[in-house]
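Listed in order, the protein sequences are those of chains A and B. Counting from 6, one number per residue, gives the positions in the first sequence under the numbering used here. Counting from 6, one number per residue, gives the positions in the second sequence under the numbering used here. Structure, as structure tokens:
2 protein chains.
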Amino acid sequence: MKFDVTILGCGSATPTLRHNPTAQLVNHDEHYFLLDCGEGAQLQLRRFKLKFQRINHIFITHLHGDHYFGLPGLLSTMHLLGRTTDIHIYCKADLQRAMDMQLKISGSWLRFNVIWHPLSFEGREVIFESSRLIIESFPLKHRIPACGFRISEKEKQRNIIPEMVKKYNIPIPRIRQIKAGADYKLEDGTVIENKALTKDPPKPKSYAYCTDTAYMPETAGNVENADLLYHEATFLDADSARAKETLHSTAADAARVAVEGKVGKLMLGHYSARYSEIQHFADEAQRIFPNTVLADEGLTVSV
Amino acid sequence: MKFDVTILGCGSATPTLRHNPTAQLVNHDEHYFLLDCGEGAQLQLRRFKLKFQRINHIFITHLHGDHYFGLPGLLSTMHLLGRTTDIHIYCKADLQRAMDMQLKISGSWLRFNVIWHPLSFEGREVIFESSRLIIESFPLKHRIPACGFRISEKEKQRNIIPEMVKKYNIPIPRIRQIKAGADYKLEDGTVIENKALTKDPPKPKSYAYCTDTAYMPETAGNVENADLLYHEATFLDADSARAKETLHSTAADAARVAVEGKVGKLMLGHYSARYSEIQHFADEAQRIFPNTVLADEGLTVSV
């Protein structure tokens, strides 16, 4: 089952021809979730042939413009192309006021509902739940309220062994119960234990997304055991003073969070426009956490 | 002297990979004026290597998002790159409130002054004047208040004939007066008339910019004798009913304005995303007004 992250933008506040401002699309089994929406996100979705009308949930980490200036344009285009499906936006409550004002001054309306979910930015909390996924927010440390998101698959049902279905001639209604963990009783009263009938399901996966933030020790707990962690790395070590001053992270800070959180893989992004060569970010992080990759526009990484 | 228009975007409301939303840069002798600022305008400026810190005046025709969604990002980048010079924005007053709210919710500030010039959208009026240029706004006909802009060079000083300076040994302070139209009196009392001392200056040029608008007969007067007219042509003839309904123009409407306004050259733009081939716009307009060119991203046209 697909659980992919596609990078639409991984630059920082000043967009360049090399890197767009922050936005990424998570595709979980063809359910699309947009994380942040920097200016030009709608064009990036087109560029990478991602059907943006399939996005029903948008998550905005914080209200610096490089994380949301693409939102009014995206909503407007969704409207113009005939969208009628609700869209859910998870963000600081203030953003609703700003978007409503923009609609008002342009004499515009949207033919679909926008359902706003204000975030508290206090502690870890579940902000979305479906039959298959849980999405949580947790606080980050930036100049304005900011949070990370964690998208986690729920425990999956056990996989039934086809040979056992045949051997015991198990009827379909019972198969569902067995997948959910039940044993199976034969007509003669013998009980076949669930673990003889099924195999362990694939391990549920999770993706953690942390941007923008200074290094904070508490993040390790919030991203613990994530299969993939995206962590901002705005600066290289040489500019760590600037990172501290602006409450951003260096590549080494991000790698430290990856180690402490025991994650499977680390992806870096949110590179400052001052660096023309991003390979140095990988070099600095890999010394601390070897399984590090660099975000880049158009890159898709499987969770 | 340079008087150029560079197209940053000439698509309509839904941006595509082919056409960006509306924005264009007017360069008058290295003074930059930005007309509209659709999403992504700042990246287009970078793409075409136009130094956007040189822009001191921004003119927004109306508050549909495809004409201003790029403004917060552009102002933010100007700030981040250290701008301290004032910027003047000419637009509907509502836009100031929307921009102020965005700054507020992001906990941001700009280190330069934004000087807002609210437009009335009623009648033709001078909204900018320098020693060399006059910029006027005039009403257009759209679903919300919208206006066109006309950038006109002032009458230039007469060109003094170098041979005459030598012949009569004219001192420098008098040269300035002669350029401004004065005659020159020799020591013996003989008066040399100005027209013997000078040549006619180059004709002042003007550029008229009309988007978004339905066809309106009054526009001819406002764009009269412009050397270059940019007029929106969202639709082709086959979709003229849709043009009427949405208060946009067809290519033929734009050409009619060009004929009635006796302009030198017509440039079409604001193409609806429904058309994959823009050459048809030229075909339909040129039947009515032959000297028609098609706007395209990156194209620079001299006024």
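A virtual CB, placed ideally from N, CA and C, is assigned to each residue, including glycine. Model, not experiment: these values are computed from the prediction.
Query                                                                                                                                                                                    : Result
Near B/Gly75, what residues of its chain come up, given a Cβ to Cβ distance below 7 angstroms and the 5 sequence neighbours on each side ignored?                                        : Ala28, Cys42, Gly43, Glu44, Gly45, Ala46 and Gln47
Taking Cβ positions only, does A/Arg116 come closer than 8 angstroms to chain B?                                                                                                         : no
Just to make sure I have the definition right: I need the residues of chain A whose C-beta is within less than 9 angstroms of the C-beta of B/Gln58. Which are they?                     : Chain A residues near B/Gln58: none, gap ~12 angstroms exceeds 9 angstroms.
With the cut-off set at 8 angstroms, would you say A/Gln107 and A/Pro77 are in Cβ contact?                                                                                               : yes
Need the endpoints of the beta strand (DSSP E) that B/Ile149 sits in, please.                                                                                                            : No beta strand (DSSP E) holds B/Ile149; DSSP gives it neither H nor E.
Tell me where the alpha helix (DSSP H) around A/Thr82 begins and ends.                                                                                                                   : Leu76 to Leu85
Which chain B residues sit within Cβ distance under 8 angstroms of A/Leu86?                                                                                                              : Thr19
Mind checking if A/Ala290 is an interface residue toward chain B, Cβ cutoff 8 angstroms exclusive?                                                                                       : no
Select from the region 18-45 of chain B all residues with a C-beta closer than 9 angstroms to any C-beta belonging to chain A, and list them in chain order.                             : Ala18, Thr19, Pro20, Thr21, Leu22, Asn25, Pro26, Gly43, Glu44 and Gly45
Can you pull the chain A neighbours of B/Phe74, defined as C-beta to C-beta under 7 angstroms?                                                                                           : Pro77 and Gly78
Whole angstroms are fine: how far does the CA of B/Leu30 sit from the CA of A/Leu13?                                                                                                     : 27 angstroms
Starting from the beta carbon of A/Ala103, find every residue of chain B whose beta carbon is closer than 8 angstroms, and list them in chain order.                                     : Ala103, Met106, Gln107 and Ile110
In chain order, what residues of the same chain have a beta carbon less than 7 angstroms from the beta carbon of B/Phe240, not counting five sequence neighbours either side?            : Arg247, Ala248, His253, Thr255 and Ser277
Taking 8 angstroms as the cut-off, decide whether the C-beta atoms of A/Phe286 and A/Leu271 are in contact.                                                                              : no
Relative to chain B, which residues along the region 137-159 of chain A have a C-beta separation below 7 angstroms, given in chain order?                                                : Arg148 and Ile149
On the three-state DSSP scale, how would you describe A/Arg181?                                                                                                                          : helix
Please classify B/Ile63 as buried or exposed, where buried requires at least 16 neighbouring CB atoms within 10 angstroms.                                                               : buried
Any C-beta of chain A sitting closer than 8 angstroms to the C-beta of B/Gln47?                                                                                                          : yes
For B/His69, which residues in chain A fall below 7 angstroms Cβ to Cβ?                                                                                                                  : Ser111
In the DSSP output, what is A/Ser113 paired with across the bridge?                                                                                                                      : Paired residues: none, contrary to the question.
Please go through the region 178-224 of chain B and give each complete alpha helix (DSSP H) segment of 4 or more residues, from N-terminal end onward.                                   : 199-202
Is any beta-carbon of chain A found at less than 8 angstroms from that of B/Arg247?                                                                                                      : no
Chain B beta carbons: is any one of them nearer than 8 angstroms to that of A/Lys125?                                                                                                    : According to the sequence shown, residue 125 of chain A is Ser rather than Lys. No, no contact with chain B.
For A/Leu100, which residues in chain B fall below 7 angstroms Cβ to Cβ?                                                                                                                 : Ile110
Within the 8 angstroms Cβ cut-off, does B/Ser81 reach chain A?                                                                                                                           : yes
If you measure from the beta carbon of B/Arg52 to each beta carbon in chain A, is any gap under 8 angstroms?                                                                             : yes
I want to check one thing, is the minimum distance from the CB of A/Gly43 to the heavy atoms of the ligand MG below 7 angstroms?                                                         : No copy of the ligand MG occurs in the structure displayed, which carries no ligand at all.
Comparing alpha-carbon positions, which option in A/Ala103, A/Asp99 and A/Cys96 lies nearest B/Asp99?                                                                                    : A/Ala103
Hey, how far is the Cα of A/Val298 from the Cα of A/Ala260?                                                                                                                              : 11 angstroms
Between the alpha carbons of A/Arg52 and A/Leu40, how many angstroms are there, rounded?                                                                                                 : 17 angstroms
Can you give me the C-alpha to C-alpha distance between B/Cys152 and A/Phe38, rounded to a whole angstrom?                                                                               : 39 angstroms
Give me, in chain order, the residues of the same chain whose beta-carbon lies closer than 7 angstroms to that of A/Asn188; leave out the 5 immediate sequence neighbours on both sides. : First, the amino acid is wrong: residue 188 of chain A is Asp here, not Asn. Val196, Ile197, Glu198 and Asn199.
Could you tell me whether the Cβ atoms of A/Leu79 and A/Leu115 are closer together than 8 angstroms?                                                                                     : no
Evaluate A/Arg155 with the Cβ neighbour count: other Cβ atoms within 10 Å of its Cβ, from every protein chain shown; 16 or more gives buried, anything less gives exposed.               : buried
Taking the continuous beta strand (DSSP E) assigned at B/Tyr37, which residues delimit it?                                                                                               : His36 to Cys42
For B/Asp217 and B/His147, which I take to be in contact (beta-carbon distance under 8 angstroms), what is that distance rounded to the nearest angstrom?                                : 5 angstroms
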